[in-house]
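Each residue of the sequence shown is one higher than the one before, counting from 1 in UniProt numbering.
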Amino acid sequence: MLAPSILSADFARLGAEVALADPARDWVHCDVMDNHFVPNLTFGPLVVEAVRRLTPAFLDVHLMIENPARLFGAFARAGADLVTVHAEAAHERPLADVLAVLRDHGCRVGLALRPATPFEAAEPHLDALDLLLVMTVEPGFGGQAFMESMLPKVEAAARARARGGHRYLIEVDGGIGADTAPAARRAGADVFVAGNAVYRADDPRAAADVLRRAIA
Numbered sequence: 001m002l003a004p005s006i007l008s009a010d011f012a013r014l015g016a017e018v019a020l021a022d023p024a025r026d027w028v029h030c031d032v033m034d035n036h037f038v039p040n041l042t043f044g045p046l047v048v049e050a051v052r053r054l055t056p057a058f059l060d061v062h063l064m065i066e067n068p069a070r071l072f073g074a075f076a077r078a079g080a081d082l083v084t085v086h087a088e089a090a091h092e093r094p095l096a097d098v099l100a101v102l103r104d105h106g107c108r109v110g111l112a113l114r115p116a117t118p119f120e121a122a123e124p125h126l127d128a129l130d131l132l133l134v135m136t137v138e139p140g141f142g143g144q145a146f147m148e149s150m151l152p153k154v155e156a157a158a159r160a161r162a163r164g165g166h167r168y169l170i171e172v173d174g175g176i177g178a179d180t181a182p183a184a185r186r187a188g189a190d191v192f193v194a195g196n197a198v199y200r201a202d203d204p205r206a207a208a209d210v211l212r213r214a215i216a
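1) Quick one: any contact between the stretch 148-157 and the stretch 98-106, if contact means 3 or more CB pairs under 8 Å?
2) Can you check which of these residues, Val-210, Ala-207, Val-134 and Asp-179, is closest to residue 217 by C-alpha distance?
3) Would you mind stating whether Cys-107 and Val-83 have Cβ atoms separated by less than 8 Å?
4) Using a beta-carbon distance below 8 Å, is Thr-84 in contact with chain D?
5) Apart from the five residues on each side of it in sequence, which residues of its chain come closer than 6 Å, Cβ to Cβ, to Ala-69?
6) Given a cut-off of 8 Å, decide if Ile-65 and Ala-89 are closer than it, judged by their beta-carbon atoms.
7) Would you list the residues sitting across from Phe-119 in a DSSP beta bridge?
8) When DSSP builds the beta bridges, which residues end up paired with Asp-190?
9) Which residue marks the beginning of the alpha helix (DSSP H) containing Asp-97, and which one marks its end?
10) Leaving out five residues on either side along the sequence, give the residues of the same chain with a beta carbon under 8 Å from the beta carbon of Ala-8.
11) Rounded to a whole number of angstroms, what is the C-alpha to C-alpha distance between Asp-190 and Gly-177?
12) According to DSSP, Leu-129 sits in a beta bridge with which residue or residues?
13) Can the beta-carbon of Pro-118 be found less than 8 Å from the beta-carbon of Ala-78?
14) Taking just the CA atoms, how far does Ala-160 sit from Arg-52?
15) Buried or exposed: where does Leu-2 fall if 16 or more other Cβ atoms within 10 Å of its Cβ makes it buried?
16) Determine the burial state of Arg-114: buried for a count of at least 16 other Cβ atoms within 10 Å of its Cβ, exposed for fewer.
17) Taking DSSP as the reference, what is the three-state secondary structure of Asp-31?
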């Protein structure tokens, strides 16, 4: 499944950019950054709400922020279908409680791991997850190179899912293109976040089609 990331989109043409995602088969990925957890500042619930009005596609909101629980209600009201928090972010309560609060807001629940964070950090929470996001770059900026060293983490997530009968999807984010996505697919990834590979291509619509074929 392809999830075009609007982090790389032209916000002056947001409607047309969001329309590159096919609601019948793609997600739309929204990267929210607070300039504290990561050294970049992007957007908040108002932009997610605008995207929700532009498309019926599944909205995949990735919170790269400290203390994310304080904003769960705002993103749920904005129309987020799934919200992903980072295992490494500062939390006001235990992570298990944070994930439960997110579920109570009516959103599907995701947990993200930075490259330096081992898969084992997610293991206590697998039953609570709809999605496990394996970052394949350092979070904060688009356009970075895919880290092949993250593939064993994807494989570990896939093995644990099969062994434990879990239902979470595995998402990869960072450096995803037609040349890197197949390896992640073989490792067990289900959802592929792509920013520059789609939105900075000469023909974004054709680039999205190439990626869909690469992960089929």
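Glycine residues also receive a C-beta, built at the ideal position from the N, C-alpha and C atoms.
Concretely, from the data shown:
1) no
2) Limits of the chain in this structure are 1 at one end and 216 at the other, which puts residue 217 out of reach.
3) yes
4) Protein chain content of the structure displayed is limited to a single chain, and chain D is not contained in it.
5) Val-98 and Val-101
6) yes
7) Answer by DSSP bridge pairing: none, since Phe-119 is not bridged.
8) In the DSSP output, where bridge partners are listed per residue, Asp-190 has none listed.
9) 95-104
10) Checking the displayed sequence, the identity of residue 8 turns out to be Ser instead of Ala. Gly-142, Gly-143, Gly-195, Asn-196, Val-198, Tyr-199 and Arg-200, listed in sequence order.
11) 14 Å
12) Beta-bridge pairing links Leu-129 to no other residue.
13) no
14) 33 Å
15) buried
16) buried
17) strand
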